[in-house]
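The numbering of the sequence shown is numbering that gives the first Met the number 0, which starts it at 0 and goes up by one.
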Amino acid sequence: MDNKKHRKKKSLLSSRFYRIYFVVVAIALIAIIIGLIWLRGAVADYEVAQPVHAAAEVATLFEEGDWDRIYDLDTSAKDISGGDRAQYVQSMTELTDDGDIAWSQAFSSNPDEMKYTVTLDDDKLATFTLVPSGQTTGHGNRLWKLGTVTTHVAVEGTEAAGDITVAPYRVKAPVGYTVNVNGRELTDADAISTGEAIFQADFLPEGVAAPTMTEYAFFSEEGEPVLSARDASGKEVPVEPDGDNRWICNLKEDEDFKSQFSDAIIALAERVAKYTVKDLSRNGVMKDVASESPAETILKKFSNDWAPPHKTATVTDAKVTDFHVLSDDCFTCHVEFTFTLRTRRGNDYVYPTSYTFCIVKRKGAGKLYNINFN
């Protein structure tokens, strides 16, 4: 009798357990389904709120050549055409006929503004901005609306009145540098694009930002423009030709640090070079390499069977260039040299060689973090 009661009680407990279990599972499944539905809605809501959608609508006006509509949106259009809508529409239609119109996001110093550049065959044609509309989506994401439109063209000369042309000159400079053209400082309004990284992002350690370049387009009413530039500290830096009607201001080298570390960099380059021809063991070079770094992986996998049989390997005429301090514990540089392998018969194999290094500080010592064999 007692056994029957025990089995009955056990059966009731088991039945109650499974009822509770299935109720909990059902609630969990319902919660998951509701969560997935909410997440899908939130993702869709977030996607709808992205400014690129509003930007695409504005860019369509340029892509489709709706200059009549642009004339109403752009106050500069009245200045270009002297208030003659028909002239503006006709001139812009002729200018852009069969041209390649593209658009991309540009730099804006205003965090509450999105800026975009419209180009015609890679030359700056116009810019437009987006600003918050004051409305939000159901999930609280803010929506955007058109702010301003500016056509970057000019009417040239009295004889050619009405002939509209795109700004013919361009110059690149690192972000933070100031560039002057004929005494006028170029501003964000002159920028075609910004954010072009000087170094590949994956060449640097995590957390170290790569310097970027801004490209400007401008007119020169005085013929060939006179350009000058200053770095972020206010020191003058050279502006060099970079093709027809193009100039570039390269990132200024850190000369003091360069002179301090040049000998060590050249010595490191020599050890790496000798390792690549089996004149130095792996342990001989790995002591200079940061552990778990790209350089460690590259050098461990390097196939050093390429070199001809030789007696000596020497590095000569070495020099360090493009030395840039990117943070308190990271710098990059370029080292180039002549690498000569001499055979036992006295024959020389001469290899012009160059490396790009990324050096980091580890426990107070400089270590090779990454390397490019150029």
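Don't be surprised by glycine CBs; every beta carbon is placed ideally from N, CA and C. As the structure is a computational prediction, the values presented were derived from the model and not from experiment.
- About 12 Å separates the CB atoms of D96 and D120; that is not less than 8 Å, and the two are not in contact.
- Between the beta-carbon of V238 and that of C329 there is about 27 Å, and that puts the pair past the 8 Å contact cut.
- Annotation for F106: no beta strand (DSSP E) segment contains it, and DSSP assigns it neither H nor E.
- Here the alpha carbons of K171 and A76 stand approximately 27 Å from one another.
- Burial state of G365 is buried, judged by a 10 Å Cβ sphere holding 16 or more other Cβ atoms.
- Within the DSSP bridge table, the entry for I100 names L119 as partners.
- Counted as a single uninterrupted DSSP element, the stretch harbouring P50 is not any beta strand (DSSP E) but the alpha helix (DSSP H) occupying residues P50 to E62.
- Y348 and L279 have their C-alpha atoms roughly 18 Å apart.
- The segment 200-255 contains, as complete beta strand (DSSP E) runs of 3+ residues, the segments 211-217, 226-229 and 245-247 (chain order).
- According to the DSSP assignment, Y354 belongs to no alpha helix (DSSP H) but to the beta strand (DSSP E) extending over D347 to R361.
- As DSSP reads the structure, E291 sits in no beta bridge.
- Note: M113 is bridge-paired with L129 in the DSSP secondary-structure output.
- Proximity of the segment 294-313 to the segment 265-278 meets the contact definition, three or more beta-carbon pairs being nearer than 8 Å.
- With a 10 Å radius around the Cβ and a threshold of 16 neighbouring Cβ atoms, I69 comes out buried.
- Check the Cα spacing between N249 and each of K257, A228, S258 and L267: the tightest is with A228.
- By the CB criterion at 7 Å, L367 and D287 fall inside the cutoff.
- In the DSSP annotation of this structure, the continuous segment of the beta strand (DSSP E) that includes Y368 starts and ends at A364 to F372.
- Sequence-distant partners of D316 (beyond 5 residues in either direction) whose C-beta falls short of 7 Å from its own C-beta, in its chain, are F336 and T337.
- Segment contact: the segment 186-193 against the segment 208-222, three or more CB-CB distances shorter than 8 Å; contact assigned.
- L185 counts as buried, since no fewer than 16 other beta carbons sit within 10 angstroms of its beta carbon.
- Here the alpha carbon of T296 sits roughly 42 Å from the alpha carbon of H52.
- Spatial neighbours of H333 in its own chain (CB-CB distance under 6 Å, excluding positions within 5 residues in sequence) are listed in chain order as T320, D321 and T355.
- The three-state secondary structure of G175, taken from DSSP, is coil.
- By the CB criterion at 7 Å, D73 and V152 fall outside the cutoff.
- A distance of 7 Å or more separates the beta carbons of P293 and N181.
- Excluding five sequence positions before and after G175, the CB atoms of its chain that fall closer than 6 Å to its own CB belong to A231, given in chain order.
- Residue pairing by DSSP puts T150 in a beta bridge opposite A125.
- In the structure shown, V170 adopts extended strand secondary structure according to DSSP, grouped into three states.
- DSSP, read as helix, strand or coil, puts L279 in coil.
- Beta-carbon to beta-carbon, L340 and V236 are separated by about 39 Å, too far to satisfy the 8 Å threshold.
- Rounded to the nearest whole angstrom, the CA to CA distance from E112 to P204 is 31 Å.
- Distance between A105 and P131, taken at the CA atoms: about 17 Å.
- Nearest in C-alpha terms to Q134, of all of R281, D243 and W143, is W143.
- Counted as a single uninterrupted DSSP element, the alpha helix (DSSP H) harbouring A85 occupies residues R84 to T95.
- P50 and L129 do touch by the CB rule: their CB atoms are close to 5 Å apart, below 8 Å.
- Taking the Cα positions, F260 is about 11 Å away from V324.
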